[in-house]
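First up is the structure itself, then whatever we jot down about it.
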Amino acid sequence: MFKKIGFRLIFAVAFTSLVIIGVFAFFNVQTQSNNLTAEVERHANQLSETVVSSTRVDMMLNQRDRIQQIISSIGSQPHIRDVRILNKIGEIIYSSDQNSINQMVDKNAESCYACHAEDKPLEQISITERTRIFKLNPDSARIIGIITPIYNETSCWTAECHAHPSDQKVLGVLDISISLAEVDKEILRSKIEIVIFAFAAVVIVGLIIGLFVKKWVSNPVNDLLSATQQISAGNLNYAIKEIGSDEIGKLASSFNNMTKKLAEARLQLFQSDKMASLGRLAAGVAHEINNPLTGVLTYSSFLLKRTKDNPEFQEDLKVIVRETIRSREIVKSLLDFARQSVPKKNPADLNDVIDKAITVVENQLSIKKIKVEKKFEAEIPKITIDSNQMEQVFINLFVNAADAMEKTGGIITVATHLISLAPFGTTQIKKAACRKRHNLIDNEFKIDGLPAIKVKVVSDSNEGIIHIDPVYGKHYNNYNVGFKINKNAKFVCPECSVSLVQEDKVCPKCGSPVLVFDLGPEGIYEVCSSENSDWEKWDYIESAGVQEYVEIKVSDTGCGISNEDLHKIFDPFFSTKGQKGNGLGLAVIWGIVDNHNGTITVDSEIGKGTTFKIRLPLTQQR
Numbered sequence: 005m006f007k008k009i010g011f012r013l014i015f016a017v018a019f020t021s022l023v024i025i026g027v028f029a030f031f032n033v034q035t036q037s038n039n040l041t042a043e044v045e046r047h048a049n050q051l052s053e054t055v056v057s058s059t060r061v062d063m064m065l066n067q068r069d070r071i072q073q074i075i076s077s078i079g080s081q082p083h084i085r086d087v088r089i090l091n092k093i094g095e096i097i098y099s100s101d102q103n104s105i106n107q108m109v110d111k112n113a114e115s116c117y118a119c120h121a122e123d124k125p126l127e128q129i130s131i132t133e134r135t136r137i138f139k140l141n142p143d144s145a146r147i148i149g150i151i152t153p154i155y156n157e158t159s160c161w162t163a164e165c166h167a168h169p170s171d172q173k174v175l176g177v178l179d180i181s182i183s184l185a186e187v188d189k190e191i192l193r194s195k196i197e198i199v200i201f202a203f204a205a206v207v208i209v210g211l212i213i214g215l216f217v218k219k220w221v222s223n224p225v226n227d228l229l230s231a232t233q234q235i236s237a238g239n240l241n242y243a244i245k246e247i248g249s250d251e252i253g254k255l256a257s258s259f260n261n262m263t264k265k266l267a268e269a270r271l272q273l274f275q276s277d278k279m280a281s282l283g284r285l286a287a288g289v290a291h292e293i294n295n296p297l298t299g300v301l302t303y304s305s306f307l308l309k310r311t312k313d314n315p316e317f318q319e320d321l322k323v324i325v326r327e328t329i330r331s332r333e334i335v336k337s338l339l340d341f342a343r344q345s346v347p348k349k350n351p352a353d354l355n356d357v358i359d360k361a362i363t364v365v366e367n368q369l370s371i372k373k374i375k376v377e378k379k380f381e382a383e384i385p386k387i388t389i390d391s392n393q394m395e396q397v398f399i400n401l402f403v404n405a406a407d408a409m410e411k412t413g414g415i416i417t418v419a420t421h422l423i424s425l426a427p428f429g430t431t432q433i434k435k436a437a438c439r440k441r442h443n444l445i446d447n448e449f450k451i452d453g454l455p456a457i458k459v460k461v462v463s464d465s466n467e468g469i470i471h472i473d474p475v476y477g478k479h480y481n482n483y484n485v486g487f488k489i490n491k492n493a494k495f496v497c498p499e500c501s502v503s504l505v506q507e508d509k510v511c512p513k514c515g516s517p518v519l520v521f522d523l524g525p526e527g528i529y530e531v532c533s534s535e536n537s538d539w540e541k542w543d544y545i546e547s548a549g550v551q552e553y554v555e556i557k558v559s560d561t562g563c564g565i566s567n568e569d570l571h572k573i574f575d576p577f578f579s580t581k582g583q584k585g586n587g588l589g590l591a592v593i594w595g596i597v598d599n600h601n602g603t604i605t606v607d608s609e610i611g612k613g614t615t616f617k618i619r620l621p622l623t624q625q626r
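For our numbering, add 4 to where a residue sits in the sequence shown, where the first one is 1.
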């Protein structure tokens, strides 16, 4: 049990409380004891003064019987143990205990030592020195004794009855002894009360501390422990519920962020494993297929030379040679997809590339009663692309469209035309980083199918992730964090918590803080932090002016794609074809288009068909 941190905290607090209360109780008992003793001492001194005053006249008149009567009367009072008067030689001349009258008291006795400690008896002595506390035996109650000097007066050395010499200053002493039994009982009662109070205080403090420790420490720690056990068991989707904004709450939040990152890392590792497996598979396939493809290519080339006089055979053989080469490139493209290879770009006629892709699949489409309609713009200039990769893009789109058609067939429409577009609402932000170079592109959250820019917002005790639209000028920002973002909110990097706010700059429209992102060679991107503002600035794009693009639309009359699947179709290994598809076709397409600095979007409606729209810039500036 002592190994538990909650029990240790309770024990430490209880022990500390016990020590503090114990010290307080000790000094309190000592103070009470001293105060009671001092009060008894004062009372005894007053009583001594009263006795001396009461017997003064009788002593001057030498009325011994009366003096004895006064002494006996006072000695009979409760708690008064003894009252006696001693002369200068230590003889008891008056006493409440008449059996002790005429007895001699030793000068070294406790009652006489204070005055006779020196050779010459002291004439003046303080009340503290005149007071003594003692016991008759170890088991008896304490006794306080006080002696009061009886001084010589003029009337005493001039009287004829019992004259004393004028040089004798002290005639004798009055000695009163009072029992401290009641005082000791009171002190004992106080000690018991204080001990009970201390014990009760320690118990109550321990219980209160225990409740707070259980609520603020033990339960959160147990939640963290359960979470670690879940994580160790492989459940990376486990999240700790909100447990406050203190250090443990922040630890829980960091733990949840860590598990999220671990889950993402595991997914990435899984994808990487798939990619590695794909790369190994592609390498093996390339090795096994290249030899027969080489044979096909060789003999096709020979036949091509032998059939120079037969144009019909020539065209068919050219198709065989071209598609054999393309088949070899397909395997290589799988390797390129796994290895993120850079396209080999050269000027090419895009319409011609699409025509070649149609030639490859036209027999397959004809069997399925699918008609291809071409709407090519004739005056499209050559565009810098990797022809083989772009041909693969359109072949994949045609095959997917054919798979979406019903058995009765359908129509695939391919259209190309030249367009001019301003950068606003068309240019995608593909890279964004904080000042410490952490990547802020969130591939798990997409706006219109594109990975958004993630920003951590902290408002009061709340925190969450907002997403900035990756398309410059669209302003489809997502601020859905479940709480109100106040004007003092902080906008930071989710990885390192460095501020993303541009210092000494506010939005020119609303005065809100401005967020800044590093886009690498493409400059700096600034955007207003307010949800309702549409102000943003990107010098690189704003200075680029209107750009020309080739827009390609591939439409079909197939079954369509659901809204649920629409934003996931470009994800690797996601497929709507079940076991018939590997989920790589559209992922390869997206990668190729992206490597050409282009964009690809999709619109679809269930039962009416799907349209893929590709835009490729004429100039490869970015």
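No residue lacks a Cβ here, since even glycine has one placed at the ideal position from N, Cα and C.
### Task
If I'm right that residue 645 touches residue 451 with Cβ under 8 Å, what's the distance once you round it to whole angstroms?
No answer is possible for residue 645: it lies beyond the span of the chain, which begins at 5 and ends at 626.
### Task
Kindly list the residues whose CB is nearer than 6 Å to the CB of residue 391, restricted to its own chain and excluding five residues on each side of it in sequence; keep chain order.
As a first step, residue 391 is located in the sequence shown; it is residue number 387 there, counting from the start. Around residue 391: 352 and 357.
### Task
Indicate the three-state DSSP secondary structure (helix, strand or coil) for residue 506 in the structure shown.
Within the sequence shown, the letter at position 502 stands for residue 506. Strand.
### Message
Less than 9 Å between the beta carbons of residue 496 and residue 506, yes or no?
### Response
Counting from one through the sequence shown, the residue named residue 496 turns up at place 492. Counting from one through the sequence shown, the residue named residue 506 turns up at place 502. Their beta carbons are not under 9 Å apart, which means residue 496 does not touch residue 506 by this criterion.
### Query
In this structure, what does DSSP give as the bridge partners for residue 108?
Here residue 108 refers to the residue found at position 104 when the sequence shown is read from its first residue. The bridge partners DSSP lists for residue 108 are 95.
#### Entry: 3-residue-minimum beta strand (DSSP E) runs that sit fully inside the segment 392-440, ordered along the chain
Under the rule that a run must span 3 or more residues, the beta strand (DSSP E) segments found entirely inside the segment 392-440 read 414-425.
### Local conformation of residue 223 per DSSP, three classes
What you label residue 223 is simply residue 219 of the sequence shown in a count that begins at 1. The three-state reading of DSSP puts residue 223 in helix, counting H, G and I together.
### Min CB distance residue 149 to chain C below 9 Å
Although the question refers to chain C, the structure presented lacks it and comprises just one protein chain.
### Task
Return the chain-ordered list of same chain residues with a C-beta closer than 6 Å to the C-beta of residue 440, the five sequence neighbours on each side being excluded.
Taking the first residue of the sequence shown as position 1, residue 440 is located at position 436. The residues are 500 and 502.
#### Entry: Environment of residue 103 [buried if 16+ CB atoms lie within 10 Å]
Translated into the one-based positions of the sequence shown, residue 103 becomes position 99. Around the beta-carbon of residue 103, fewer than 16 other beta-carbon atoms lie within 10 Å, marking it exposed.
### Task
Ignore the nearest five residues each way along the sequence and tell me which others in residue 584's own chain have a CB closer than 7 Å to its CB.
The residue given as residue 584 occupies position 580 in the sequence shown. Because residue 584 carries a pLDDT of 49, less than 50, the predicted location of this residue cannot be relied on, and no value is offered for it.
### Query
CB residue 629 to CB residue 213, shorter than 9 Å?
Residue 629 falls outside the range modelled here, since the chain spans only 5 to 626, and no answer is possible.
### Message
Tell me which residue opens and which closes the alpha helix (DSSP H) that residue 73 is part of.
### Response
Residue 73 sits at position 69 when you count from the first residue of the sequence shown. Residue 73: member of the alpha helix (DSSP H) spanning 68-79, first to last residue.
### Continuous beta strand (DSSP E) stretch holding residue 149: start and end
On the sequence shown, residue 149 is found 145 positions in, with the first residue counted as 1. According to the DSSP assignment, residue 149 belongs to the beta strand (DSSP E) that extends over 147-155.
### Query
If we count the other Cβ atoms within 10 Å of its Cβ and call it buried at 16 or more, is residue 315 buried or exposed?
Counting from 1 along the sequence shown, the entry for residue 315 is found at position 311. With fewer than 16 Cβ atoms within 10 Å of its Cβ, residue 315 is classed as exposed.
### Query
Can you name the residues that DSSP bridges to residue 495?
Within the sequence shown, numbered from 1, the residue matching residue 495 stands at position 491. Per DSSP, 461.
### Task
Return the CA-CA distance between residue 189 and residue 155, expressed in angstroms with no decimal places.
Translated into the one-based positions of the sequence shown, residue 189 becomes position 185. Translated into the one-based positions of the sequence shown, residue 155 becomes position 151. Using only the alpha carbons, I get a separation of about 37 Å.
### Close beta carbons around residue 243, own chain, < 6 Å, minus the five adjacent residues each side
Stepping through the sequence shown from its first residue, residue 243 is reached at position 239. If we look at residue 243 and ignore the five residues flanking it on each side, its Cβ neighbours are 260.
### Task
Quickly, what does DSSP pair residue 564 with across the bridge? List them, please.
Position 560 of the sequence shown, counted from the first residue, corresponds to residue 564. Paired residues: none, contrary to the question.
### Assigned secondary structure, residue 442 (DSSP; H/G/I helix, E/B strand, else coil)
Residue 442 sits at position 438 when you count from the first residue of the sequence shown. Residue 442: coil per DSSP, three-state reduction.
### Task
Can you tell me which of the three DSSP states residue 574 falls into?
Walking along the sequence shown from the start, residue 574 turns up at place 570. Residue 574: coil per DSSP, three-state reduction.
### Task
Helix, strand or coil for residue 485, going by three-state DSSP, please let me know.
On the sequence shown, position 481 is the one that residue 485 refers to. Residue state, collapsed to three classes: coil.
### Task
Please classify residue 584: does DSSP put it in a helix, a strand, or coil?
As a working mapping, residue 584 is identified with position 580 in the sequence shown. Residue confidence for residue 584 is low, a pLDDT of 49 falling below 50, so the modelled location carries little weight and cannot support an answer.
#### Entry: Nearest neighbour of residue 543, chosen from 413, 192, 57 and 433 [CA to CA]
Taking the first residue of the sequence shown as position 1, residue 543 is located at position 539. If you compare the alpha carbons of 413, 192, 57 and 433 with that of residue 543, the shortest gap goes to 433.
### residue 103, enclosing alpha helix (DSSP H) - first and last residue
The residue you call residue 103 lines up with position 99 of the sequence shown. Element bounds for residue 103: n/a, residue is neither H nor E.
### Message
On the CB-based measure, 16 or more other CB atoms within 10 Å of its CB, does residue 233 come out buried or exposed?
### Response
Numbered from 1 along the sequence shown, position 229 holds the residue referred to as residue 233. Around the Cβ of residue 233, a 10 Å sphere holds fewer than 16 other Cβ atoms; the residue is exposed.
### Message
Going by the DSSP bridge assignment, what does residue 542 pair with across the sheet?
### Response
Locating residue 542 in the sequence shown gives position 538, where the first residue counts as 1. For residue 542, the beta-bridge partners assigned by DSSP are 529.
### Simplified DSSP assignment, three categories, for residue 522
Locating residue 522 in the sequence shown gives position 518, where the first residue counts as 1. Correct three-state label for residue 522: strand.
### Query
Would you call the CB atoms of residue 418 and residue 556 closer than 9 Å?
Counting from 1 along the sequence shown, the entry for residue 418 is found at position 414. Counting from 1 along the sequence shown, the entry for residue 556 is found at position 552. Yes.
### Task
With hydrogens ignored, establish whether the beta-carbon of residue 28 is closer than 8 Å to any heavy atom of the ligand NAP.
Only the bare structure without any ligand can be found here, which leaves the ligand NAP out of the picture.
### Message
By DSSP's criteria, residue 553 is part of a beta bridge. Which residues make up the other side?
### Response
Start at 1 with the first residue of the sequence shown, and residue 553 comes out as number 549. Its beta-bridge partners are 423 and 621.
### Task
Kindly give me the distance between the Cβ atoms of residue 537 and residue 513, rounded to whole angstroms, as I take these residues to be in contact under 8 Å.
Reading the sequence shown from its first residue, position 533 is the one you call residue 537. Reading the sequence shown from its first residue, position 509 is the one you call residue 513. Between residue 513 and residue 537 the Cβ distance is about 6 Å, and since that is below 8 Å, they are a contact.
### Query
In whole angstroms, what separates the C-alpha of residue 479 from that of residue 473?
The residue you call residue 479 lines up with position 475 of the sequence shown. The residue you call residue 473 lines up with position 469 of the sequence shown. Each residue's alpha carbon lies about 6 Å from the other.
### Query
Below 8 Å, can you find three or more Cβ-Cβ pairs linking the segment 38-53 to the segment 195-203?
Under the 8 Å Cβ criterion, the segment 38-53 does not count as touching the segment 195-203, having fewer than three qualifying pairs.
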